[in-house]
Amino acid sequence: MKDHVHERIGFREIDEHGNAVPAVSPHVPEQPDPARRRIAVNPFIVALWVLDAGLAIFGFWALSEAAAGMAGPTQFNTSAQLSFMLMSYTPYVLLGSLLLTAALLFWHAVQWQKKRPSPTNAA
Numbered sequence: 656m657k658d659h660v661h662e663r664i665g666f667r668e669i670d671e672h673g674n675a676v677p678a679v680s681p682h683v684p685e686q687p688d689p690a691r692r693r694i695a696v697n698p699f700i701v702a703l704w705v706l707d708a709g710l711a712i713f714g715f716w717a718l719s720e721a722a723a724g725m726a727g728p729t730q731f732n733t734s735a736q737l738s739f740m741l742m743s744y745t746p747y748v749l750l751g752s753l754l755l756t757a758a759l760l761f762w763h764a765v766q767w768q769k770k771r772p773s774p775t776n777a778a
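The working numbering numbers the first residue of the sequence shown as 656 and each following residue consecutively.
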């Protein structure tokens with residue numbers, strides 16, 4: 656009968672961080688596991704920073720293009736309708752970029768605060 660370390664039981668123990676704890680059996684010697692590296696960067700946050708940078712760049716480009724279009728002909732020769740649309744939507748794009756930047760900075764501050772040791776209450 657094949658009985659590996661808790662294979663029949665069908666559950667795993669986890670530590671306080673949610674990582675799997677290797678099962679220990681007195682009959683099977685413990686083998687060292689290769690150290691696994693966890694990715695320290697959240698890919699969704701990276702994608703949000705890229706989206707935020709894209710929104711900010713587009714917003715400032717649209718603002719300058721619409722303002723230049725009102726002053727006279729530009730190198731892109733945008734129509735009056737496109738200039739109006741750019742001028743109408745650009746403040747909202749810039750506001751969205753600003754709010755996204757604030758939210759991401761708040762998220763980073765919360766993550767940084769979680770990693771710091773809590774101060775002891777000295778009375």
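Glycine residues also receive a C-beta, built at the ideal position from the N, C-alpha and C atoms.
As a quick exercise: from the options, pick the residue whose alpha carbon is nearest that of residue i.
i      : options                        : result
Leu703 : Ala757, Ser773, Pro772         : Ala757
Phe699 : Arg771, Lys770, Trp762         : Trp762
Val748 : Arg771, Gly727, Asp670, Ile712 : Ile712
Lys770 : Asp670, Glu668, Asn674, Ala695 : Ala695
Val705 : Leu759, Ala726, Gln768         : Leu759
Quick check: the Cα distance between residue i and residue j, rounded to an integer number of angstroms?
i      : j      : result
Leu718 : Leu741 : 7 Å
Pro774 : His672 : 21 Å
Gln736 : Val765 : 44 Å
Glu668 : Leu753 : 44 Å
Ala675 : Glu720 : 55 Å
Pro677 : Asn697 : 26 Å
Pro772 : Val701 : 26 Å
Arg693 : Ser734 : 51 Å
Ala726 : Trp716 : 15 Å
Under 8 Å by Cβ, that's how I've got residue i and residue j pegged, so tell me the actual separation to the nearest angstrom.
i      : j      : result
Gly714 : Thr745 : 6 Å
Leu811 : Asp707 : Beyond the ends of the chain as shown, which are 656 and 778, falls residue 811; an answer cannot be given.
Ser738 : Gly724 : 4 Å
Identify the continuous alpha helix (DSSP H) that holds residue i and give its terminal residues.
i      : result
Ser743 : 735-770
Ser719 : 698-726
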